[in-house]
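*Asks:* Once you've had a glance at the structure underneath, I'll fire off some questions.
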Amino acid sequence: MDRKQQFQESVNKKVLLEWVRITGLPNPRKKPFDKVLNEFAVDVLKYPKEKALAFAWPTAAGQTGSIVAMRAKVSYDFWRHFITEGRGLLAEYNKNNSLDIRIQREQTLHVSDTERLGLFIRRFIREAYNKANRKCPDILFKKGILQIGKEYHMTPTMAAYQFGINLEEWNGLPLEELFTPKESEAIKKGEVTFGSLRLTGVSLTRNHMSQQNTATNKENESNNVGANESEKTTSNSLESEAGRKRPTSDEVVETVPWKIPKKV
Numbered sequence: 001m002d003r004k005q006q007f008q009e010s011v012n013k014k015v016l017l018e019w020v021r022i023t024g025l026p027n028p029r030k031k032p033f034d035k036v037l038n039e040f041a042v043d044v045l046k047y048p049k050e051k052a053l054a055f056a057w058p059t060a061a062g063q064t065g066s067i068v069a070m071r072a073k074v075s076y077d078f079w080r081h082f083i084t085e086g087r088g089l090l091a092e093y094n095k096n097n098s099l100d101i102r103i104q105r106e107q108t109l110h111v112s113d114t115e116r117l118g119l120f121i122r123r124f125i126r127e128a129y130n131k132a133n134r135k136c137p138d139i140l141f142k143k144g145i146l147q148i149g150k151e152y153h154m155t156p157t158m159a160a161y162q163f164g165i166n167l168e169e170w171n172g173l174p175l176e177e178l179f180t181p182k183e184s185e186a187i188k189k190g191e192v193t194f195g196s197l198r199l200t201g202v203s204l205t206r207n208h209m210s211q212q213n214t215a216t217n218k219e220n221e222s223n224n225v226g227a228n229e230s231e232k233t234t235s236n237s238l239e240s241e242a243g244r245k246r247p248t249s250d251e252v253v254e255t256v257p258w259k260i261p262k263k264v
C-alpha cells in the first residue's frame, strides 16, 4: 500500500473500533434490534443496567437461516465489561444452550480480506490433499498467522505467494493489495520468491508452463490474425490494381475488330 492507502486504513480502523458484528443471536419474537441487544447485554452478559446503553444504532447485517446478523455501535463501558467478564459468560451461555452467539469487532476491508485469505488457503490445501488421497498436515489459522504442519508459520499473503497458490477462485482483494509494506519490500528485493515452497505430494499452483503456453498461444493467434488480415488486404489491393490494369498491345489487337476495307 502507498502512504495514502496506509493513512486511510489507519483512519478506518479507528472509526470501526466502536462497531461490532453480532451473529447467532435468536430473536423469535422479532423485537426491535436495540431492545433485543440491550436485553441480551443485561440478562446474559450481566452488563449493569445503570451504565450507558451497551448497544446503539443497530442495523441488519445479513441473515443465516432464520437468524439475522446485526451490526451495532458499542459503548466503551460495555466493551470493557465484555472483554473482562462478558466473553466468559457468553461462552458458558452458548455451551448450555447449544448456541453460537458471537460478538466481533468490525474490520476494514484490508484486514477482513487478509483473514478470509487465510481461511481460503486452509480450505484449498485440505482439498488438495483430499484429491491426492494423502493425509493433510494440521493447518491452523490464528491471530493472523497460518500454521501448516510444524514447519511453516506465516501470514496468509506470504503463504499464497511463496507456495504459489492458485487464486483463480479467490474473490477478495488482489494479493498485491494485501501485502504489508514490509512484505512488498522483501519481494522487491528478491528476499522472497514466488512458488519457492512446496508441500509433499500435492500441487497448489497452476502449471507455470501451461500459463506460458497459454499466453504464447494467444500471442501467436493474435499474430496469425494480424498476418491473415494483412494478406487479405494485400490480396484485395492486388485484385483492385489488376482491375485497373492497362491492356497490353496484344490485348488491344484481340479486342479491337479488323476494319473492313472500303470498295474502290
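Under the UniProt record's numbering, the residues of the sequence shown are numbered 1 to 264, in order.
Glycine included, C-beta positions come from ideal geometry on N, C-alpha and C.
Could you name the residues of the same chain whose beta carbon sits closer than 7 Å to that of residue 149, not counting the 5 residues immediately before and after it, in chain order?
*Replies:* Walking along the sequence shown from the start, residue 149 turns up at place 149. Closer than 7 Å at the Cβ level, and outside the excluded window around residue 149, lie 137 and 138.
*Asks:* Look at the Cβ atom of residue 266, then the Cβ atom of residue 34, and state whether they are nearer than 7 Å.
*Replies:* Only positions 1 to 264 of the chain appear in the structure, and residue 266 is not among them; the question remains open.
*Asks:* In whole angstroms, what separates the C-alpha of residue 151 from that of residue 200?
*Replies:* Position 151 of the sequence shown, counted from the start, is the residue given in the question as residue 151. Position 200 of the sequence shown, counted from the start, is the residue given in the question as residue 200. Computed Cα separation, rounded: 12 Å.
*Asks:* How far does the beta strand (DSSP E) with residue 192 in it extend, from its first residue to its last?
*Replies:* For the purposes of this step, residue 192 is taken as the residue at position 192 of the sequence shown. Where residue 192 is concerned, there is no enclosing beta strand (DSSP E), given that its DSSP letter is neither H nor E.
*Asks:* Between which two residues does the alpha helix (DSSP H) containing residue 79 stretch?
*Replies:* In the sequence shown, counting from the first residue as 1, residue 79 sits at position 79. Start and end: 76-81.
*Asks:* Sort 22, 145, 179 and 169 by Cα distance to residue 67 and report the nearest one.
*Replies:* By 1-based counting over the sequence shown, the position of residue 67 is 67. If we check each option's Cα against that of residue 67, 22 comes out closest.
*Asks:* Mind reading off the beta-carbon distance from residue 124 to residue 165? Whole number of angstroms is fine, and I expect it under 8 Å.
*Replies:* To locate residue 124, count along the sequence shown from 1; it is residue 124. To locate residue 165, count along the sequence shown from 1; it is residue 165. Right, the Cβ-Cβ distance comes to about 6 Å (below 8 Å), so this counts as a contact.
*Asks:* Mark residue 316 as exposed unless 16 or more other C-beta atoms lie within 10 angstroms of its C-beta, in which case mark it buried.
*Replies:* For the chain, the structure presents residues 1 to 264; residue 316 sits outside this window and is missing.
*Asks:* Run the CB neighbour count on residue 193, radius 10 Å, all protein chains shown included, and call it buried at 16 or more, exposed below.
*Replies:* In the sequence shown, counting from the first residue as 1, residue 193 sits at position 193. Looking at its Cβ environment, which holds fewer than 16 other Cβ atoms inside 10 Å, residue 193 is exposed.
*Asks:* If we ignore side chains and look at the alpha-carbon of each, how far apart do residue 56 and residue 74 end up?
*Replies:* Here residue 56 is taken as the residue at index 56 of the sequence shown, counted from 1. Here residue 74 is taken as the residue at index 74 of the sequence shown, counted from 1. In a straight line, the C-alpha of residue 56 is about 6 Å away from that of residue 74.
*Asks:* State whether the segment 165-184 contacts the segment 92-108, with contact taken as three or more CB pairs (one from each stretch) at a distance under 8 Å.
*Replies:* No, the segment 165-184 is not in contact with the segment 92-108.
*Asks:* Could you tell me if residue 91 is buried or exposed, where buried requires 16 or more neighbouring beta carbons within 10 angstroms of its beta carbon?
*Replies:* Counting from 1 along the sequence shown, the entry for residue 91 is found at position 91. By the 10 Å Cβ count, residue 91 comes out exposed.
*Asks:* Could you compute how far the alpha carbon of residue 41 sits from the alpha carbon of residue 88?
*Replies:* What you label residue 41 is simply residue 41 of the sequence shown in a count that begins at 1. What you label residue 88 is simply residue 88 of the sequence shown in a count that begins at 1. Going from the Cα of residue 41 to the Cα of residue 88 covers about 13 Å.
*Asks:* At the level of alpha carbons, what is the spacing between residue 118 and residue 50?
*Replies:* Residue numbering aside, residue 118 sits at position 118 when the sequence shown is read from its first letter. Residue numbering aside, residue 50 sits at position 50 when the sequence shown is read from its first letter. Going by the C-alpha atoms only, they are around 41 Å apart.
*Asks:* Considering only their Cβ atoms, is the gap separating residue 128 from residue 146 smaller than 7 Å?
*Replies:* For the purposes of this step, residue 146 is taken as the residue at position 146 of the sequence shown. For the purposes of this step, residue 128 is taken as the residue at position 128 of the sequence shown. Cβ atoms of residue 146 and residue 128: not closer than 7 Å.
*Asks:* For residue 20 and residue 38, what's the separation of their Cα atoms in angstroms?
*Replies:* Within the sequence shown, numbered from 1, the residue matching residue 20 stands at position 20. Within the sequence shown, numbered from 1, the residue matching residue 38 stands at position 38. The straight-line gap from Cα to Cα measures roughly 14 Å.
*Asks:* Bridge partners of residue 129, per DSSP?
*Replies:* Within the sequence shown, numbered from 1, the residue matching residue 129 stands at position 129. Bridge partners of residue 129: none, in fact.
*Asks:* How far does the alpha helix (DSSP H) with residue 87 in it reach, from first residue to last?
*Replies:* One-based indexing of the sequence shown puts residue 87 at position 87. Element bounds for residue 87: 87-97.
*Asks:* Assign residue 86 to buried or exposed, taking buried as 16 or more other Cβ atoms, counted over all protein chains shown, within 10 Å of its Cβ.
*Replies:* As a working note, residue 86 is residue 86 in the sequence shown. Label assigned to residue 86: buried.
*Asks:* Count the other CB atoms within 10 Å of the CB of residue 25; is the residue buried (16 or more) or exposed (fewer)?
*Replies:* As a working mapping, residue 25 is identified with position 25 in the sequence shown. Buried, by the Cβ-count rule.
*Asks:* Exposed or buried, what is residue 122 when buried is set at 16 or more other beta-carbons lying within 10 Å of its beta-carbon?
*Replies:* Residue mapping note: residue 122 aligns to position 122 of the sequence shown, counting from 1. By the neighbour-count rule (16 or more Cβ atoms within 10 Å), residue 122 is buried.
*Asks:* Quick one, are the C-beta atoms of residue 116 and residue 62 less than 7 Å apart?
*Replies:* For the purposes of this step, residue 116 is taken as the residue at position 116 of the sequence shown. For the purposes of this step, residue 62 is taken as the residue at position 62 of the sequence shown. Going by C-beta atoms, residue 116 is not nearer than 7 Å to residue 62.
*Asks:* Could you check the C-alpha separation between residue 175 and residue 134 for me, to the nearest Å?
*Replies:* As a first step, residue 175 is located in the sequence shown; it is residue number 175 there, counting from the start. As a first step, residue 134 is located in the sequence shown; it is residue number 134 there, counting from the start. In a straight line, the C-alpha of residue 175 is about 28 Å away from that of residue 134.
*Asks:* With a CB to CB cut of under 8 Å and the five nearest residues on each side skipped, what residues in its chain are close to residue 130?
*Replies:* Taking the sequence shown and counting its residues from 1, the one referred to as residue 130 is at position 130. For residue 130, where only same-chain residues beyond five positions count, the Cβ hits under 8 Å are 136.
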